[in-house]
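Here the sequence shown is numbered in the working numbering, starting from 4 and rising by one per residue.
Each residue gets a CB set at the ideal place from its N, CA and C atoms; glycine is no exception.
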Amino acid sequence: AIVETALRASSGQAAEEAELRDRVHVSAMEATSGDDLFSVFSLEYKVDPPISSVITDKAMRKYKRVFNFLWGIKRVEQALNSVWSRASALAQVGTNAVLVRDADRATYKQLQGFVLHALAKGLFASMNQQMQHLVTNLQYYIMFEVLEHSWVGFRESMDSAEDLDQLIAAHNVYVERILERAMLTEAYEPARRQMDRVFKSVLDYCDVQIQVCTLLERQVARVRNQNRDRSRRDEERRWGVDSGGSADEEEED
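Right under this line is the structure:
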């Protein structure tokens with residue numbers, strides 16, 4: 004369902020959507036212990052003749068390497084955005100309590116101070132912004148400096164190709180240029196391993212921050228439940244006093 008929604012959003016017409024749905028398939032790579040959806044998920048694109056003469060199985064494997072790299076970047080981006088969203092909501096605990104009673108408002112303000120202190124101790128805002136900056140710039144580089152720039156060169160080569168052999172050669176150069184500029188070739192293997200370690204560190208950081216946010220959310224929920232129970236008891240006592248007062252007045256009459 005998620006893939007179909009993405010295909011629907013990327014296609015402009017119903018005919019294009021139907022063709023994409025027929026050609027794009029979800030594939031699962033071999034999973035090992037500890038792998039999640041991001042680790043085993045991949046997409047495959049079915050190519051029919053005569054296009055398959057140009058976009059060969061070997062080329063499709065190279066495209067999959069590029070896809071898996073972009074998918075890994077998206078995974079890191081999603082993890083950072085998720086943690087940032089939860090932390091931002093927690094930071095607004097006291098601000099969003101303006102409609103409660105004065106006593107409860109003070110409690111929420113105190114709780115907000117505790118939350119902000121806990122997030123600050125984890126260097127949350129600073130670290131998250133630096134990681135977001137890295138991911139954003141990396142995505143910009145891949146999308147514009149690698150993919151778009153390589154596509155422009157490929158279009159020029161296609162226009163000047165005089166036969167099928169030249170078209171195949173132009174496509175091979177196009178794919179290799181993407182791999183080279185995206186540092187996905189064997190020559191850049193040390194850099195790729197370093198990038199994988201950076202991604203792993205970011206994901207580990209997000210896991211820790213998720214645990215922190217979960218503990219803080221439980222504390223916020225506990226305070227809210229306590230205030231709700233106290234408000235209910237106060238309301239019950241107030242109604243008890245009012246009812247008692249009304250009964251006394253009726254007896255005097």
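Does the beta-carbon of residue i have 16 or more other beta-carbons within 10 angstroms, so that it is buried, or is it exposed?
i	result
Asn140	exposed
Ile145	buried
Asn230	buried
Compare the Cα-Cα distances from residue i to each of the options and report the closest residue.
i	options	result
Val178	Ser153, Leu167 and Gln197	Ser153
Ala224	Trp74, Ala21, Ala92 and Ser30	Ala92
Thr217	Asn84, Ala90, Ser55 and Val149	Ala90
Val155	Asp168, Leu167, Val176 and Asp166	Val176
Phe157	Asp166, Phe147 and Arg180	Arg180
Ala128	Glu47, Asp166 and Ser88	Ser88
Considering only the beta carbon of each residue, do residue i and residue j sit closer than 8 Å?
i	j	result
Leu187	Phe72	yes
Val79	His174	no
Ile76	Gln142	yes
Ala185	Val149	yes
Comparing the C-beta of residue i with each C-beta of chain D, is any distance below 8 Å?
i	result
Leu141	Judged by its chain identifiers, the structure shown contains no chain D, having just a single protein chain.
Considering only DSSP beta bridges, list what residue i is partnered with.
i	result
Glu47	His28
Under 6 Å Cβ to Cβ from residue i, same chain only, skipping five residues before and after it: list those, please.
i	result
Gln212	Val86
Lys287	The structure shown does not extend to residue 287, since the chain is modelled only from 4 through 256, so no value can be given for it.
Ala62	Val178
Asp168	none
Glu47	His28 and Ser30
Please list, in chain order, all residues of the same chain as residue i whose beta carbon is under 8 Å from its beta carbon, the five residues on each side excluded.
i	result
Ser45	Val29, Ser30, Ala31, Met32, Lys67, Phe70, Asn71 and Trp74
Leu182	Lys65, Arg68, Val69 and Thr188
Glu254	Confidence is the limiting factor: at Glu254 the pLDDT is only 49, short of 50, which leaves the residue's position unreliable, though a coordinate-based value still follows. So no residue of the chain qualifies.
Leu83	Asn131, Met134, Gln135, Val138, Val205 and Cys209
Lys203	none
Val201	Leu137
Report all residues from its chain with a CB closer than 7 Å to the CB of residue i; omit the five preceding and five following residues, and keep chain order.
i	result
Leu102	Because the pLDDT of Leu102 is 47, which lies under 50, any placement of that residue in the model is unreliable, and the number read from its coordinates should be weighed accordingly. Same-chain partners within the cutoff: there are none.
Ala164	Leu170 and Ala173
Thr59	none
Ala21	none
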